[in-house]
Amino acid sequence: MKHTISSLALVTLLLSACGGSKEEDQNAKEDSSNPSQTTNVEPYGKLEDGTEVKIFTFSNKNGMIAKVTEYGAILTSLEVPDKDGNVKDVTHGYDDLAGWLTNTSYFGATVGRYGNRIAGGKFEIDGEVYDQLAINNEPNHLHGGEKGFDKVLWKGEAVEGGVRLTYTSKDGEEGYPGNLQVSVTYTLNDSNELKWVCTATTDKATPVNIVQHAYWNLSGDPATTINDHILTIPAKYFLSTDQNLIPDGNLAEVVNTPFDFNAGSVIGERIEAPSIPLQFGKGYDHCWVVDGEGLRHAATLKDPKTGRTMHLQSDQPGVQFYGGNFLDGTATGKGGVKYAHRTACCLETQAFPDSPNKQDNPAFPNCILKPGETYSHTMVSKFSW
Ligand code: GLA
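Take any residue in the sequence shown, note its place counting from 1, add 16, and you have its number in the numbering used here.
Spelled out as structure tokens, the structure:
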């Protein structure tokens, strides 16, 4: 805790020391009062059992509009202007609740209780074996199981500049121990920052890795590839994995590999390079070890055609960059568009995959939440154009 506070203080100090343009200072001032921030709450439809689902809309003074639904705590759309002032939705997803109920790609969702993979669907805590997790990504467990946090109904309430959603995951749900109380807050400010902040507490030790899983295509045209976007990831290492994308416990250096995004590279540039990790992932689907500590730069994604840029910050040790390799044109999304191969990508800030089975490996983060502790994950997506 002490550590987090001191890192945050350092970041604040560095940011203020760096100054920033007059325009940014102005934004920051306006941001604190948030004059344009009101959240609209509307009915979004009903689940099969008749339960009503709400959708929350909030915007900023620069033309950005975010929508979040209680189902799956999903960011259903994010509209962002481009350099010519064209405002477009930059996320994959569906037009209505009926569509979202068919969401098997985790479009826009809050994923948990443990985002990413757990080898063989089992883990052990304090000598107790938990082996009832769904094997929903043969031969492993993925994204919390058959009915993870992306497919449950959260309870939303409007807050200043956004929405707060809560969910209680019961002891034994999807095979995980402990009653987990989860809160996710999405807000949008006049500095063009979409913030996603997640906290959780438990009454029994449990693995926790809650992940925001938006799919981005910054061109605003979801029929086009994201292989032309420029990606930067400040990381010296990525996690080496087996063929089923379970980390083998080693950190692999990115230098001289297609995994080096330190200087900013076009995503598609090296995607066909002879590389065993690229073969295993069917493209990019790996976890990078983000340099540094505390709330810090995790990635930058830029569409050179429209100028739209997303600068991502988080306080997590890793970022999973998934290049949309499993999109195959079968999911029909917003406006009837069939989402084709690599037409969107995800930058999922998180603890490392399979950390529950790597707790003895000093290179892996602690992912076990104990009673009395609070899990906390902040992700800030700041847009410019
Ligand atoms: C994550 C995983 C991918 C895939 C997508 C959703 O990014 O790492 O392998 O499961 O989610 O399809």
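C-beta: ideal position from N, C-alpha, C; glycine also.
Would you please state the rounded distance, in angstroms, between the beta carbons of residue i and residue j? I believe it to be under 8 Å.
{"i": "Ile-384", "j": "Ile-141", "result": "6 Å"}
{"i": "Thr-92", "j": "Ile-81", "result": "Thr-92 to Ile-81, Cβ: 11 Å. No contact."}
{"i": "Ile-242", "j": "Phe-277", "result": "That belief does not hold up - the Cβ atoms of Ile-242 and Phe-277 are roughly 14 Å apart, past 8 Å."}
{"i": "Gln-366", "j": "Asn-195", "result": "With 8 Å as the limit, Gln-366 and Asn-195 do not qualify as a contact, their Cβ atoms being about 22 Å apart."}
{"i": "Ser-235", "j": "Lys-321", "result": "6 Å"}
{"i": "Gly-161", "j": "Ala-174", "result": "Contact flag wrong, Cβ pair sits at about 30 Å."}
{"i": "Phe-296", "j": "Phe-275", "result": "About 12 Å; that fails the 8 Å criterion."}
{"i": "Glu-190", "j": "Gly-164", "result": "7 Å"}
{"i": "Gly-172", "j": "Glu-86", "result": "5 Å"}
{"i": "Val-57", "j": "Leu-169", "result": "Actually they are not in contact, since the Cβ atoms of Val-57 and Leu-169 sit about 15 Å apart, beyond 8 Å."}
{"i": "Asp-10", "j": "Pro-263", "result": "With the chain running from 17 to 401 in the structure shown, residue 10 is simply not present."}
{"i": "Gly-334", "j": "Arg-358", "result": "About 22 Å; that fails the 8 Å criterion."}
Can you find a heavy atom of the ligand GLA that lies under 7 Å from the Cβ of residue i?
{"i": "Phe-342", "result": "yes"}
{"i": "Cys-362", "result": "yes"}
{"i": "Ser-416", "result": "Nothing about residue 416 can be reported from this structure: the residues present for the chain run from 17 to 401 only."}
{"i": "Leu-255", "result": "no"}
{"i": "Asn-195", "result": "no"}
{"i": "Gln-228", "result": "no"}
{"i": "Tyr-192", "result": "no"}
{"i": "Tyr-409", "result": "In this structure the chain extends from 17 to 401, so residue 409 is not present and cannot be described."}
{"i": "Gln-336", "result": "yes"}
{"i": "Asp-301", "result": "yes"}
{"i": "Leu-117", "result": "no"}
{"i": "Leu-328", "result": "no"}
{"i": "Leu-261", "result": "yes"}
{"i": "Gln-158", "result": "According to the sequence displayed, residue 158 carries Leu and not Gln. Result yes, Cβ under 7 Å from the ligand GLA."}
Just list the residues that DSSP pairs residue i with in beta bridges.
{"i": "Pro-97", "result": "Val-103"}
{"i": "Thr-248", "result": "Thr-316"}
{"i": "Ala-216", "result": "Val-198, Tyr-391"}
{"i": "Val-127", "result": "Val-227"}
{"i": "Asp-301", "result": "Tyr-338"}
{"i": "Val-57", "result": "Phe-72"}
{"i": "Cys-361", "result": "Trp-232"}
Around the C-beta of residue i, are 16 or more other C-beta atoms found within 10 angstroms, so that it is buried, or is it exposed?
{"i": "Lys-186", "result": "exposed"}
{"i": "Asp-147", "result": "exposed"}
{"i": "Asp-112", "result": "exposed"}
{"i": "Asp-47", "result": "Because the pLDDT at Asp-47 is just 45, under 50, the model does not fix this residue reliably, and the point stays unresolved."}
{"i": "Trp-401", "result": "buried"}
{"i": "Asn-382", "result": "exposed"}
{"i": "Pro-155", "result": "exposed"}
{"i": "Leu-181", "result": "buried"}
{"i": "Lys-318", "result": "buried"}
{"i": "Glu-285", "result": "exposed"}
{"i": "Gln-259", "result": "exposed"}
{"i": "Leu-63", "result": "exposed"}
{"i": "Pro-372", "result": "buried"}
{"i": "Pro-290", "result": "exposed"}
{"i": "Pro-405", "result": "Nothing can be reported for residue 405, as the shown portion of the chain is limited to 17 through 401."}
{"i": "Glu-364", "result": "buried"}
{"i": "Ala-314", "result": "buried"}
{"i": "Ser-397", "result": "buried"}
{"i": "Ser-330", "result": "buried"}
{"i": "Pro-378", "result": "exposed"}
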